[in-house]
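**Student:** Residue numbers (the numbering used here): 1 to 348.
The beta-carbon is built from N, C-alpha and C at its ideal position, and this holds for glycine as well.
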Amino acid sequence: MKSYVKELAKNRNLPDKELLALIRGGVDELLEKEADKARKKVFGDRVYIRGLIEISSICKNDCIYCGIRCSNSKAARYRLTKEDILSCCRAGKELGFSTFVLQGGEDLYFTDDVLCDIIVGIKNIAPDAAVTLSLGERSKESYRRLKAAGADRYLLRHETATAEHYEKLHPVGMKLDVRKKCLFDLKEIGFQVGSGFMVGSPYQTDEHILRDIRFLQELKPEMIGIGPFVPHKDTPFGGFQSGSLELTLRLISILRLCFPEALIPATTALGTIAEGGRERGLQCGANVVMPNLSPKAARESYNLYDNKLITGAESAEGLKILEEKIKSAGYSMTMSRGDAPGFAKEQD
Ligand code: SAH
1 MKSYVKELAK
11 NRNLPDKELL
21 ALIRGGVDEL
31 LEKEADKARK
41 KVFGDRVYIR
51 GLIEISSICK
61 NDCIYCGIRC
71 SNSKAARYRL
81 TKEDILSCCR
91 AGKELGFSTF
101 VLQGGEDLYF
111 TDDVLCDIIV
121 GIKNIAPDAA
131 VTLSLGERSK
141 ESYRRLKAAG
151 ADRYLLRHET
161 ATAEHYEKLH
171 PVGMKLDVRK
181 KCLFDLKEIG
191 FQVGSGFMVG
201 SPYQTDEHIL
211 RDIRFLQELK
221 PEMIGIGPFV
231 PHKDTPFGGF
241 QSGSLELTLR
251 LISILRLCFP
261 EALIPATTAL
271 GTIAEGGRER
281 GLQCGANVVM
291 PNLSPKAARE
301 SYNLYDNKLI
311 TGAESAEGLK
321 ILEEKIKSAG
331 YSMTMSRGDA
341 PGFAKEQD
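Below, the structure written as structure tokens:
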């Protein structure tokens, strides 16, 4: 195993058999150490902070794993207004945030016109801030308009790169090919693109994970988000187990070695399944944290999975606590834009 880690660190890649062995391996201190070395070489000890604004829990989709799927009649539904969103950004700017991530269900209210108007509004408030969107599948023309309005980045996880598995996680009609096309469209248009997958989602195998890594190698995203699957009780997957902390951490390290220049978040889901999970994520190669800037009521209703963390270091008000946690994990918090290398407007 040791030689596989060394080879991965050197070549950023491994043949299938060796990569599978690493995916399957146990806790591996060398893997973690090499991943940390790789992130430090590109990013130093900096951890980038993004302000997450959950703009709507209304969704036309019915992804089987997700708590805000349209057929969950128990989900609390809300939608932030333009003014709500701009207030979050003003508050975020005061706190020093320079990236705002607008995430939500696929809510048809948010047409291109509505979104473009909001993006322009944010850029008026904070001209130097980056706007990241995470609003699901849209047409290429739509992505083009959002980019032209000033959006900088787009997050769209592929969820799983194996078509049969994709169909087990999604309703009839949602196809992996469509998701992939969206991702390649976003790249072509010039967004900094983020993709990724859930770890330990129902029916996931190690071979699926291998294919996920191979797909990411093809896409070459600037950002890679992975986090454990966490069941939501009012979904058909409510009875499945959460993804494991160990596997998620190991995959963060493997991804760091495959993609030394990627921005990789230590996700809220990781913090949800284990105390200190996010700090462990940082030590295994992650370099982004996304505290919640949403209004309190929205935070409580935007439940993709059960037991989501919403206060303390997970919230924007808890920035000081977060800074302490990042420090005690051995890193330093930065509020700078943190563009992907190659996209940076200024060096930070
Ligand atoms: N509607 C947007 C945003 C989705 S939420 C979109 O489709 O991209 C962001 C991510 O949360 C999803 O991509 C998914 O990977 C993750 N997620 C959803 N339900 C989850 C669950 N039960 N456990 C863990 N992660 C989940």
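State yes or no: is the C-beta of residue 269 nearer than 6 Å to some heavy atom of ligand 1?
**Tutor:** Here the question's residue 269 lines up with position 269 in the sequence shown. At least one heavy atom of ligand 1 lies closer than 6 Å to the C-beta of residue 269.
**Student:** What is the DSSP secondary structure of residue 346, reduced to helix, strand or coil?
**Tutor:** If you number the sequence shown from 1, residue 346 lands on position 346. For residue 346, the predicted model reports a pLDDT of 48, less than 50, meaning its position is unreliable and no value from the coordinates is stated.
**Student:** From residue 111 to residue 4, what distance separates their C-alpha atoms?
**Tutor:** On the sequence shown, position 111 is the one that residue 111 refers to. On the sequence shown, position 4 is the one that residue 4 refers to. Cα to Cα, the separation comes out at about 48 Å.
**Student:** Quick check on DSSP: helix, strand or coil for residue 48?
**Tutor:** For this step, residue 48 is matched to residue 48 along the sequence shown. The three-state reading of DSSP puts residue 48 in strand, counting E and B together.
**Student:** How would you call residue 21, buried or exposed, if buried means at least 16 neighbouring beta carbons within 10 angstroms?
**Tutor:** Along the sequence shown, one-based indexing puts residue 21 at 21. By the neighbour-count rule (16 or more Cβ atoms within 10 Å), residue 21 is not buried but exposed.
**Student:** From residue 223 to residue 74, what distance separates their C-alpha atoms?
**Tutor:** Sequence index remark: in the sequence shown, residue 223 carries index 223 (1-based). Sequence index remark: in the sequence shown, residue 74 carries index 74 (1-based). Looking at the two C-alpha atoms, the distance is approximately 33 Å.
**Student:** Quick check on the burial criterion: 16 or more other C-beta atoms within 10 angstroms. Buried or exposed for residue 90?
**Tutor:** By 1-based counting over the sequence shown, the position of residue 90 is 90. Exposed is the call here.
**Student:** So residue 131 is in the alpha helix (DSSP H); what residue range does that whole segment cover?
**Tutor:** Within the sequence shown, residue 131 is the residue found at index 131, counting from 1. Taken as a continuous stretch (DSSP letters only), residue 131 belongs to no alpha helix (DSSP H), being part of the beta strand (DSSP E) at 130–134.
**Student:** How is residue 155 classed by DSSP in three states: helix, strand or coil?
**Tutor:** To locate residue 155, count along the sequence shown from 1; it is residue 155. Residue 155: strand per DSSP, three-state reduction.
**Student:** Less than 7 Å between the C-beta atoms of residue 208 and residue 160, yes or no?
**Tutor:** One-based indexing of the sequence shown puts residue 208 at position 208. One-based indexing of the sequence shown puts residue 160 at position 160. The answer is yes: Cβ separation under 7 Å.
**Student:** Rounded to a whole number of angstroms, what is the C-alpha to C-alpha distance between residue 62 and residue 68?
**Tutor:** Position 62 of the sequence shown, counted from the start, is the residue given in the question as residue 62. Position 68 of the sequence shown, counted from the start, is the residue given in the question as residue 68. Counting only the Cα atoms, residue 68 lies some 8 Å from residue 62.
**Student:** Given a cut-off of 7 Å, decide if residue 337 and residue 130 are closer than it, judged by their beta-carbon atoms.
**Tutor:** Numbered from its first residue, the sequence shown carries residue 130 at position 130. Numbered from its first residue, the sequence shown carries residue 337 at position 337. Yes, they are a contact pair.
**Student:** For residue 28, count neighbouring C-beta atoms within 10 Å of its own C-beta (all shown protein chains included) and say buried if the count is 16 or more, exposed if not.
**Tutor:** Within the sequence shown, the letter at position 28 stands for residue 28. Buried: at least 16 other Cβ atoms inside 10 Å.
**Student:** Check whether the Cβ of residue 230 lies closer than 6 Å to any heavy atom of ligand 1, and answer yes or no.
**Tutor:** Position 230 of the sequence shown, counted from the start, is the residue given in the question as residue 230. Correct: residue 230 has its Cβ closer than 6 Å to ligand 1.
**Student:** In chain order, what residues of the same chain have a beta carbon less than 6 Å from the beta carbon of residue 339, not counting five sequence neighbours either side?
**Tutor:** The residue you call residue 339 lines up with position 339 of the sequence shown. Contacts found: none.
**Student:** Below 8 Å, how does it come out for the stretch 27–45 and the stretch 248–257: are there three or more Cβ pairs, yes or no?
**Tutor:** yes
**Student:** Can you name the start and end residues of the beta strand (DSSP E) that residue 100 belongs to?
**Tutor:** Position 100 of the sequence shown, counted from the start, is the residue given in the question as residue 100. Looking at the DSSP string, the run of the beta strand (DSSP E) that includes residue 100 is 99–104.
**Student:** Going by C-alpha distance, which of 177, 170, 196 is nearest residue 202?
**Tutor:** In the sequence shown, residue 202 corresponds to position 202, counting from 1. If we check each option's Cα against that of residue 202, 170 comes out closest.
**Student:** Between the Cα of residue 324 and the Cα atoms of 308, 295, 278, 97, which residue gives the shortest distance?
**Tutor:** Translated into positions along the sequence shown, residue 324 becomes position 324. Nearest of 308, 295, 278, 97 to residue 324, Cα basis: 278.
**Student:** Could you check if residue 157 belongs to the surroundings of ligand 3, using beta carbon to heavy atom distance under 6 Å?
**Tutor:** Summarising the ligand content, the structure contains ligand 1 and does not contain ligand 3.
**Student:** What are the residues that DSSP puts in a beta bridge with residue 184?
**Tutor:** The residue labelled residue 184 in the question sits at position 184 within the sequence shown. According to DSSP, which records beta bridges pairwise, residue 184 is partnered with nothing at all.
**Student:** Curious, which full-length beta strand (DSSP E) runs of at least 3 residues does the stretch 160–215 contain?
**Tutor:** The stretch 160–215 contains these whole beta strand (DSSP E) runs: 192–199.
**Student:** Can you have a look at residue 307 and say buried or exposed, based on whether 16 or more other CB atoms are within 10 angstroms of its CB?
**Tutor:** On the sequence shown, residue 307 is found 307 positions in, with the first residue counted as 1. Residue 307 comes out exposed.
**Student:** What distance in whole Å lies between the Cβ atoms of residue 243 and residue 283, which are believed to be in contact at a cut-off of 8 Å?
**Tutor:** Position 283 of the sequence shown holds residue 283. Position 243 of the sequence shown holds residue 243. With a Cβ gap of about 18 Å, residue 283 and residue 243 do not count as contacting.
**Student:** Cβ of residue 116 versus every heavy atom of ligand 1: is any distance shorter than 6 Å?
**Tutor:** Taking the first residue of the sequence shown as 1, we reach residue 116 at position 116. It does not: the Cβ of residue 116 is nowhere closer than 6 Å to a heavy atom of ligand 1.
**Student:** By DSSP's criteria, residue 333 is part of a beta bridge. Which residues make up the other side?
**Tutor:** Within the sequence shown, numbered from 1, the residue matching residue 333 stands at position 333. According to DSSP, which records beta bridges pairwise, residue 333 is partnered with 47.
**Student:** Assuming residue 216 contacts residue 248 (C-beta within less than 8 Å), just tell me the rounded distance between them.
**Tutor:** Counting from 1 along the sequence shown, the entry for residue 216 is found at position 216. Counting from 1 along the sequence shown, the entry for residue 248 is found at position 248. At roughly 15 Å, the Cβ-Cβ gap does not stay under 8 Å, so residue 216 and residue 248 are not in contact.
**Student:** Would you say residue 225 and residue 196 are within 7 Å of each other, going by their C-beta atoms?
**Tutor:** Sequence index remark: in the sequence shown, residue 225 carries index 225 (1-based). Sequence index remark: in the sequence shown, residue 196 carries index 196 (1-based). Cβ atoms of residue 225 and residue 196: closer than 7 Å.
**Student:** Counting pairs of Cβ atoms below 8 Å between the stretch 112–127 and the stretch 79–95, do you hit three or more?
**Tutor:** yes
**Student:** Assuming residue 298 contacts residue 109 (C-beta within less than 8 Å), just tell me the rounded distance between them.
**Tutor:** In the sequence shown, counting from the first residue as 1, residue 298 sits at position 298. In the sequence shown, counting from the first residue as 1, residue 109 sits at position 109. In fact, because the Cβ distance is near 15 Å, the residues do not count as touching under 8 Å.
**Student:** Could you check if residue 105 belongs to the surroundings of ligand 1, using beta carbon to heavy atom distance under 6 Å?
**Tutor:** Counting from one through the sequence shown, the residue named residue 105 turns up at place 105. At least one heavy atom of ligand 1 is nearer than 6 Å to the Cβ of residue 105, so yes.
**Student:** Residue 162 to residue 176, Cα distance in whole Å?
**Tutor:** In the sequence shown, the residue the question calls residue 162 occupies position 162. In the sequence shown, the residue the question calls residue 176 occupies position 176. Between residue 162 and residue 176, the C-alpha separation is close to 8 Å.
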